[in-house]
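Heads up, the sequence shown is in my numbering, so the first residue is 1113 and it goes up one at a time.
We put the beta carbon where it would ideally sit given N, CA and C, even for glycine.
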Amino acid sequence: MRKLTKIVVPALIAVMGAGTMAVPAQAQAYGRHDAGHATPVRNSNIRADINGLNRDIDRAFARRTISNREATSLKRDAIQVQRLYQQYARNGLTRTETRTLQARVDRIHVALRAERRDRDNRRG
1113 MRKLTKIVVP ALIAVMGAGT MAVPAQAQAY GRHDAGHATP VRNSNIRADI
1163 NGLNRDIDRA FARRTISNRE ATSLKRDAIQ VQRLYQQYAR NGLTRTETRT
1213 LQARVDRIHV ALRAERRDRD NRRG
């Protein structure tokens, strides 16, 4: 009996230790591990970019470099990004979510630049 406990107890400890090691790796695969969440700095940066986007649209409209229709369309896109940010931020932003939001903000900035340069005062 003594030999059996000498063999079984270390085996059980090894199995239990291996089981706890697998959890962080599995959590990482789904992008929800603590290291995958956005830091407060990254979170505030994306929020500032979204707010800056709204400010840039308002400024372009006030300077009459884009039309009301163009501004409305760009604002609608910015609102969608804001809603997506709020949805993602409930559980903390992952790196993937941060990249997605940043890509959408960048796309709207490119569209705003194109609208300012076209000088035709209509969308597209």
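- Look at Thr-1177 here: in three-state DSSP terms it is coil, with no helix or strand label.
- The straight-line gap separating the alpha-carbon atoms of Ser-1156 and Ile-1119 is approximately 54 Å.
- For Leu-1213, the enclosing alpha helix (DSSP H) has its first and last residue at 1207-1230.
- No Cβ-Cβ contact shorter than 9 Å links Ala-1215 with Leu-1186.
- Within its own chain, the residues whose Cβ lies closer than 8 Å to the Cβ of Ile-1158, once the five positions on either side in sequence are excluded, are Ala-1150, Tyr-1197, Leu-1205, Thr-1210, Leu-1213, Gln-1214 and Val-1217, listed in chain order.
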